Amino acid sequence: MIDTRLSGKVALVTGANQGIGAATAIALAAEGVSVFVTYKRLAPLHDPAHPAVYDQVRGGDAGEVVGRIRAAGGTAESAEADLADPETPKALFDQAEKALGPVDILVNNASGWLSDTFSPSARDGFGRALRPVDAETHDRQFAVDVRAPALLIAEFARRHVERGASWGRIIGLTSGGPGGFPTEVSYGAAKAAQENYTMSAAHELRAYGVTANMVHPPVTDTGWINDEVEKSVADSSVFLGVAQPEEVAEVITFLASHQGRRVTGQIVRMY
């Protein structure tokens with residue numbers, strides 16, 4: 001364990017009922033952080049290209065995550081919330097502060113992920129269902145992956161400055177890249193916008209002791225990996241294999257730590 005000096009801090013982690021969010025909540029709690037876990041139970045996709053477990057984890061609450069943290073001696077509370085509602089960010093900060101105290105660490109992990117495309121294809125190269133880009137796919141993706149993180153950052157910044165705080169961390173999760181994200185085009189576009197908001201926060205909030213960074217995980221097994229995806233990663237000359245959520249959580253925890261104090265305005269890409 002590194003000397004993170006995180007004991008006594010409070011974190012708000014979105015989308016933390018499973019996957020990278022859950023692993024991050026558990027990792028931060030192990031360093032003494034009190035964690036406010038937010039989540040939204042999602043309807044099953046019923047897509048045979050996804051393992052059955054994927055629908056199960058997407059539809060679950062945060063009880064197991066909170067239970068694991070408490071069983072290990074940590075502190076955690078949770079709340080189900082719809083980040084597509086613009087009133088949610090303020091409400092989450094109100095709940096977190098009431099339960100645990102002022103938020104020092106914001107992890108924008110939740111996503112409204114879907115697969116959409118400009119092509120006429122009904123399935124992607126891994127057999128997963130595709131939808132055509134339309135107003136619904138755009139709005140759903142941008143509400144959760146762009147507007148919600150922007151409002152959460154704004155709420156974090158306002159409260160941080162008002163209470164005269166001098167230490168803070170903002171960490172987001174991204175995907176895709178400058179070359180686009182074929183077959184996940186709205187997801188990629190939304191993540192690019194979130195990156196820009198986060199980079200602006202890094203510049204504007206550094207005078208208040210806040211760092212802001214994005215983590216670009218590799219292909220990570222959060223329940224959606226099928227045989228075709230696993231083979232593609234194994235055959236790739238870029239990736240080091242399918243990652244586990246805990247590996248991504250380690251990088252997020254480092255960025256939140258004392259050791260990460262001089263890292264800001266960065267997109268940290270993992271392989």
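Sequential numbering from 1 applies to the sequence shown in this note's numbering.
We put the beta carbon where it would ideally sit given N, CA and C, even for glycine.
Note that the coordinates shown come from a computational prediction; the quantities given were computed from them, not determined experimentally.
Check	Outcome
How many Å lie between residue 250 and residue 138 at the Cα?	31 Å
Taking contact to mean 3 or more Cβ pairs, one atom from each stretch, closer than 8 Å, check whether the segment 167-175 and the segment 220-240 are in contact.	no
Along the chain, where does the beta strand (DSSP E) containing residue 216 start, and where does it finish?	210-216
Smallest Cα separation from residue 352: which of 209, 154, 100 and 60?	An answer regarding residue 352 cannot be provided, because it is not within the stretch 1 to 271 covered by the chain.
From the DSSP output, read off the bridge partner residues of residue 170.	106 and 212
Should residue 102 and residue 158 be called a contact, given that it needs their Cβ atoms to be closer than 8 Å?	no
From the DSSP output, read off the bridge partner residues of residue 129.	123
Please classify residue 35: is it buried, with 16 or more other beta-carbons within 10 angstroms of its beta-carbon, or exposed?	buried
So the candidates are 54, 248 and 39; which of them puts its Cα closest to the Cα of residue 46?	54
Could you check if residue 142 is buried or exposed, using at least 16 other CB atoms within 10 Å of its CB as the buried criterion?	buried
Give me the residue from 211, 226 and 228 with the minimum Cα distance to residue 105.	211
If you reduce the DSSP assignment to three classes, tell me which class residue 200 lands in.	helix
Going by alpha carbons, who is nearest to residue 132 out of 185, 265 and 22?	185
From 88, 71, 72 and 73, pick the residue whose C-alpha is nearest to that of residue 79; which is it?	88
In whole angstroms, give me the CA-to-CA distance for residue 201 and residue 84.	21 Å
Under the assumption that residue 39 contacts residue 76 (Cβ atoms under 8 Å), give the Cβ distance between them as a whole number of angstroms.	Not really, about 12 Å apart at Cβ, beyond 8 Å.
Output the boundary residues of the beta strand (DSSP E) element that contains residue 62.	No beta strand (DSSP E) contains residue 62, which DSSP labels as neither H nor E.
The alpha helix (DSSP H) that contains residue 135, what's its start and end?	135-142
Can residue 28 and residue 6 be called in contact, C-beta distance under 8 Å?	yes
Can you look up residue 36 in the DSSP assignment and give me helix, strand or coil?	strand
Would you be able to state if there are at least three C-beta pairs under 8 Å between the segment 116-129 and the segment 223-230?	yes
Should residue 98 be labelled buried (16 or more other beta-carbon atoms within 10 Å of its own) or exposed?	exposed
Once DSSP output is grouped into helix, strand and coil, what is the label at residue 232?	helix
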